[in-house]
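Written out below as structure tokens is the structure these notes cover.
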Amino acid sequence: MKKVFVNGYGVIGSRITSFIKDDPEIQVIGVGKYSPDEKVNVAISRGLDVFVPEKKLDTFRNFKIVGSIESALNDCDLVIDAAPSGNGYINKKNLYEPKKLMAIYQGGETIYGEKAVSDLLFNSRVNYTKAFGKKHVMQGSCNVTGIGRILQPLREKYGDRLVRFDVILVRRWADIEQTNIDLKDTIEWSENPHHADDVKSYLGKETPLFLRAIKVPTRQMHLHIVDIRFKDKAPKPSEILEIFKNEYGVVTLWTAKGTKEVRDFANTMNFSFTDTNMVHIHANMIESIEDTVKLMYSDDQTGIVIPENHMLMQAMLFQRPYEEAFKHAEGLFHMEEKKKALQEQFAKKV
Ligand SMILES: NC(=O)c1ccc[n+]([C@@H]2O[C@H](COP(=O)([O-])OP(=O)(O)OC[C@H]3O[C@@H](n4cnc5c(N)ncnc54)[C@H](OP(=O)(O)O)[C@@H]3O)[C@@H](O)[C@H]2O)c1
Numbered sequence: 501m502k503k504v505f506v507n508g509y510g511v512i513g514s515r516i517t518s519f520i521k522d523d524p525e526i527q528v529i530g531v532g533k534y535s536p537d538e539k540v541n542v543a544i545s546r547g548l549d550v551f552v553p554e555k556k557l558d559t560f561r562n563f564k565i566v567g568s569i570e571s572a573l574n575d576c577d578l579v580i581d582a583a584p585s586g587n588g589y590i591n592k593k594n595l596y597e598p599k600k601l602m603a604i605y606q607g608g609e610t611i612y613g614e615k616a617v618s619d620l621l622f623n624s625r626v627n628y629t630k631a632f633g634k635k636h637v638m639q640g641s642c643n644v645t646g647i648g649r650i651l652q653p654l655r656e657k658y659g660d661r662l663v664r665f666d667v668i669l670v671r672r673w674a675d676i677e678q679t680n681i682d683l684k685d686t687i688e689w690s691e692n693p694h695h696a697d698d699v700k701s702y703l704g705k706e707t708p709l710f711l712r713a714i715k716v717p718t719r720q721m722h723l724h725i726v727d728i729r730f731k732d733k734a735p736k737p738s739e740i741l742e743i744f745k746n747e748y749g750v751v752t753l754w755t756a757k758g759t760k761e762v763r764d765f766a767n768t769m770n771f772s773f774t775d776t777n778m779v780h781i782h783a784n785m786i787e788s789i790e791d792t793v794k795l796m797y798s799d800d801q802t803g804i805v806i807p808e809n810h811m812l813m814q815a816m817l818f819q820r821p822y823e824e825a826f827k828h829a830e831g832l833f834h835m836e837e838k839k840k841a842l843q844e845q846f847a848k849k850v
């Protein structure tokens, strides 16, 4: 049994905890909270031990806190850091490195420059075994994970017939439960988005990927609009869809009109947190024109990285063969079942 601590109990930390606590090989020591708010009691009501920074213990005196984060980390095999962007690096320096702990960081951190948390950005579909023997690894962000799930199978099938990928990321403004964040009535563009460099870190520096990102006032997923250019005539849409038929974490939908419809369905099916944990190819929007395939898929921002964290944890803690890790993750996430239900609900009308 390995002991895991989840530092941060927000959108991502709460989701990761809710799955790994059902993993019979893992003992969740507890979760780290930083603000004395109602979420402390939510975590406790879910059977979790809550720890807080040593210097904040006093501000949590009205809550049933088990102890300090510093003490929890004294007997721990791996930390999953789920801190707000940039704090993962600070935690690495102040907590995890001094205690010689293995740690997983989330997509708001970086693998570049002075504040790099790792030299490896993980995508289970591409570089699973590279995490073996590593002490510090960063899980790619939701968009970065989604792009890998789509581009890697295309690269495997078409190799050097592929000339260029142009991606427009239409990003959500906030997450569903971030009710404290208002959706601004504007469309914002992002200068130098990190996503292309992050994807190139695992697909290769020379990958001909060109990316632009905008942010729109929605909480309901991201949408990726992708043009895939070929050296010669582009394959037909049916051939592209065939590639993704058995692809893990990629579902093909024909009749969804928007991202909310997909989440609403996930809600009726009682999928955890209304997440699908997948990307959804919108097959009715795919076109093949001359040398270009035009593709659109939505990316479940809150769910997609959760099974990835579980795969990464298995690679680091157990160095388990990919197929075995995949099977073990499937036992917790039931991705095949979810994919089937989604495909049936949004099937092609005949
Ligand atoms: N949201 C998404 O859809 C999404 C998707 C993929 C990746 N990510 C990445 O996942 C990471 C976490 O994002 P999130 O959306 O889960 O953020 P979030 O909802 O704001 O949650 C952050 C959590 O971290 C806690 N925290 C505050 N200071 C901390 C510190 N110094 N060390 C550790 N934890 C601390 C917060 O505690 P208190 O609430 O008690 O203050 C809160 O529980 C970021 O790197 C983000 O880029 C997010």
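The letter at position 222 of the sequence shown is residue 722 when you use this note's numbering, and the numbering goes up by one with no holes. Yeah, the Cβ is synthetic: ideal placement off N, Cα and C, and Gly gets one too.
With a 10 Å radius around the Cβ and a threshold of 16 neighbouring Cβ atoms, Leu548 comes out buried.
By the Cβ neighbour-count rule, Phe833 is buried, with 16 or more other Cβ atoms within 10 Å of its own. As summarised for the region 602-649, the continuous alpha helix (DSSP H) elements at least 4 residues long and confined to that stretch are 624-627, given in chain order.
By the Cβ test, the region 727-738 is not in contact with the region 820-834, since fewer than three Cβ pairs between them sit closer than 8 Å.
With respect to the 8 Å criterion, Lys657 and Ile743 are classified as neighbours on the basis of their beta carbons.
If you keep only unbroken alpha helix (DSSP H) runs of at least 4 residues inside the region 709-793, you get 737-744, 759-768. Rounded to the nearest whole angstrom, the C-alpha separation of Thr768 and Ser798 is 19 Å. For the region 502-555, the continuous beta strand (DSSP E) assignments of 3+ residues that do not extend past its boundaries occur at 502-507, 526-532, 550-552, in sequence order.
The alpha-carbon separation between Gln678 and Val579 amounts to approximately 24 Å. In the DSSP assignment, no residue is bridged to Val663. Per DSSP, reduced to three states, the secondary structure at Val566 is coil, with no helix or strand assignment. In summary, Met501 is exposed, with fewer than 16 beta-carbon neighbours lying within 10 Å of its beta-carbon over all protein chains present. Taking the Cβ atoms as the reference, Gln639 lies roughly 6 Å from Gln606, within the contact range of under 8 Å.
Among the bridge pairs identified by DSSP, Asp697 is matched with none. Ranked by Cα distance from Gln814, the first of Thr629, Pro584, Lys733 is Thr629. If you draw a straight line from the Cα of Leu711 to the Cα of Arg515, it comes to about 29 Å. Beta-bridge annotation (DSSP): Ser798 is paired with Leu723, His780. In this chain, the beta strand (DSSP E) harbouring Ile580 covers 578-581.
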